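Just below is one structure, and these are the notes that go with it.
If you want it as structure tokens, here you go:
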């Protein structure tokens, strides 16, 4: 049924020569459109209110084409690298020490970085220009982020190349496993593999298991190759896969015991 105000509007339309049926249809359509606009406006306000309460993470700024041409990558490693691989806590300490030097700098010298990434055993810096890369090369050997620290910088073709590997982890235990649990089982069963130095790039749940993606150094890849890409894991073995051309693919995916 139409409300009193709607009936009055119908009468106005009838007086203008519109039939009663057509007038009612017009008013009903106008009422529906008005209600829809009100609903959308309320929903938009609610969405804006929720957005203001929950801070969104800052978007990562991608480097421009010009920056890519002028940038230079350097790797901060232990003095006896690859003999010593730097773990996550050591890499954080290096970052903190570098920022301290930058904060305390008094000379009028521009130092700029595009990115800083924890890699398997070393810290990778993408410098915005050659001058910034030169600054890193000068400063790093003088840093002492921890007692007895001895660091050096690798540039150009000497910068280590990381490798991405994927592995299927079946739910043979009590459901899906956490990354640290996977890393620990790999560490216990495979000497010199050093999975604790890998970077977890992602984990995708699939039917009956998960697929983990790891970024690792060439040293870990060589150990995997020596194991036919099938490291020991718990009560069996896993099968790692990679796009690295030096690895010959083979064997079924999955857990063998």
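Residue numbers (our numbering): 3 to 259.
From the three backbone atoms N, C-alpha and C, an ideal C-beta is built for every residue, glycine too.
Predicted model only: the values in this text are computed from it and were never measured.
In terms of residue numbering, what span does the alpha helix (DSSP H) encompassing residue i cover?
{"i": "residue 165", "result": "Note, residue 165: premise wrong, no alpha helix (DSSP H); beta strand (DSSP E) at 165–172."}
{"i": "residue 1", "result": "A query on residue 1 cannot be resolved here, the shown segment of the chain reaching from 3 to 259 and no further."}
{"i": "residue 116", "result": "From DSSP, residue 116 is part of no alpha helix (DSSP H) but of the beta strand (DSSP E) over 115–121."}
{"i": "residue 91", "result": "90–106"}
{"i": "residue 80", "result": "Residue 80 -> not in any alpha helix (DSSP H); beta strand (DSSP E) instead, spanning 74–80."}
{"i": "residue 137", "result": "132–141"}
{"i": "residue 7", "result": "6–17"}
Which term fits residue i, buried or exposed, when burial requires 16 or more other beta carbons within 10 angstroms of its beta carbon?
{"i": "residue 21", "result": "exposed"}
{"i": "residue 86", "result": "exposed"}
{"i": "residue 148", "result": "exposed"}
{"i": "residue 216", "result": "buried"}
{"i": "residue 111", "result": "exposed"}
{"i": "residue 158", "result": "exposed"}
{"i": "residue 1", "result": "Since the first and last residues shown for the chain are 3 and 259, residue 1 lies out of range."}
{"i": "residue 14", "result": "exposed"}
What are the residues that DSSP puts in a beta bridge with residue i?
{"i": "residue 217", "result": "166, 201"}
{"i": "residue 208", "result": "211"}
{"i": "residue 238", "result": "235"}
Under 8 Å by Cβ, that's how I've got residue i and residue j pegged, so tell me the actual separation to the nearest angstrom.
{"i": "residue 156", "j": "residue 192", "result": "No, residue 156 and residue 192 are not in contact; Cβ-Cβ is about 26 Å, not under 8 Å."}
{"i": "residue 116", "j": "residue 99", "result": "The pair is not a contact, with the Cβ atoms about 20 Å apart (cut-off 8 Å)."}
{"i": "residue 211", "j": "residue 170", "result": "6 Å"}
{"i": "residue 244", "j": "residue 185", "result": "Residue 244 to residue 185, Cβ: 17 Å. No contact."}
{"i": "residue 222", "j": "residue 187", "result": "Between residue 187 and residue 222 the Cβ distance is about 15 Å, and since that is not below 8 Å, they are no contact."}
Could you give the first and the last residue of the continuous beta strand (DSSP E) run that contains residue i?
{"i": "residue 125", "result": "124–129"}
{"i": "residue 244", "result": "242–244"}
{"i": "residue 155", "result": "153–157"}
At least three beta-carbon pairs within less than 8 Å, the region 116–128 to the region 88–104: With the rule of 3 Cβ pairs closer than 8 Å, the region 116–128 counts as touching the region 88–104.
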